[in-house]
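Down below is the structure, laid out as structure tokens.
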Amino acid sequence: MPAPSSRRLLRALNLTTALVGAPLAALCLSPLASPSARAQGAPDLPTVQVQPDLPSTGETGSGWGTYVPFLPADTATISARIARQSTLSNSDSGSLISRVPGGAAWGAGGVSSLPAVNGMGADRVQITINNMLFSPACPNEMTPPLSFVNPNMIASMRVYMGTAPVSVGGDYTGAKVDVTVAPPQFTPGQALTTSGSASGFYRSNGNSYGVDFNATVSNEDSSVSYTGGWARASDYTSGNGTTIKSTMYETQNHALSISKKLADNIFTFEIGGQFIPYQGFVNQYMDMVDN
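One point on numbering: in this note's numbering, the residue at position 133 of the sequence shown is 152, and numbering is uninterrupted.
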């Protein structure tokens, strides 16, 4: 026979089970008994569309424009306007690199300076022009890639001083310079439209002068463009009047572009040429002639 304390414990458990059993059963059966009530309690949430703000290119007055991809913080861009203005003081496209933080132009020929970024230059700076990779053909670095591009031809010059996106390549140790020449221009309507511009400069030091010229004939789906430049300079003088020998040069750059628009595609054929009758190199034991 159980002890009196055990009998009291059993009675307490039976009483607790009797009191809890009915509410617990009702609680367990309530979800099965009221599905409609539960369905009515779930509100219908509206569809939310997230539209990020796109930076404007400045060509339109609205706040929307062409999407600009993400750029690393250590990136600088030289616009076409800055490149054109530089011809007032220099005819060398490589000297534009001195306008970016940490950039410098290692002096060589009058139109053949070597770009350097953070002290690393020459082959350590990778250069692409319209996504085509160029490297100097001369062991003495007398024909750097930027010497084949007249400043007036440049639409933009983007300098990656540290990291670069995979889309532009990243196999370099110093910096990456991505140059884009002016894209083809199309005009609405079937009639042909002709446009062009010409500019010139004169610099008294070294008696240097030159001209830049471009012309375009286009309609809504075809475009033919020519861009050219010519510059000549004699030996320049230092601040105390000393003539710096082997600093003379003469250069010509020509480029012809033929583009056709088909649906959403643009096909472009480009041909260019350079002629340098002479160019002095103050840092070499030789000069350049008939290149």
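Backbone N, C-alpha and C define an ideal beta-carbon position, used for all residues, glycine too.
Here the C-alpha atom of Gly193 lies approximately 19 Å from the C-alpha atom of Ser131. Inter-segment contact for the segment 234-245 and the segment 157-164 is absent: fewer than three beta-carbon pairs are separated by less than 8 Å. Straight across, the Cα-Cα distance linking Asn302 with Phe294 is about 21 Å. Within the segment 254-299, the runs of beta strand (DSSP E) that reach at least 3 residues and sit entirely inside it are, in chain order, 268-281 and 284-298. Gln303 sits in coil when the DSSP states are folded into three classes, being neither helix nor strand. Restricted to the segment 169-212, the beta strand (DSSP E) segments that are unbroken, complete and at least 3 residues in length are 173-179 and 194-200, listed in chain order.
Taken through DSSP and simplified to helix, strand or coil, Ala127 comes out as coil.
Taking a contact to require three or more Cβ pairs closer than 8 Å, the segment 96-103 and the segment 120-139 do not qualify as touching. When beta bridges are read from the DSSP output, Met151 appears opposite Ile148. For Arg143, no alpha helix (DSSP H) encloses it, and the DSSP letter there is neither H nor E.
It is roughly 16 Å from the alpha-carbon of Val200 to the alpha-carbon of Gly215. Residue environment for Leu152: exposed (fewer than 16 other C-beta atoms within 10 angstroms of its C-beta).
Its Cα nearest to that of Gln204, the residue Asn233 stands out among Met180, Leu133, Gly225 and Asn233. Counting along the chain, no beta strand (DSSP E) covers Arg100; the unbroken alpha helix (DSSP H) around it starts and ends at Ala99 to Gln104. In this structure the segment 264-277 touches the segment 248-255; the number of beta carbon pairs closer than 8 Å is three or more.
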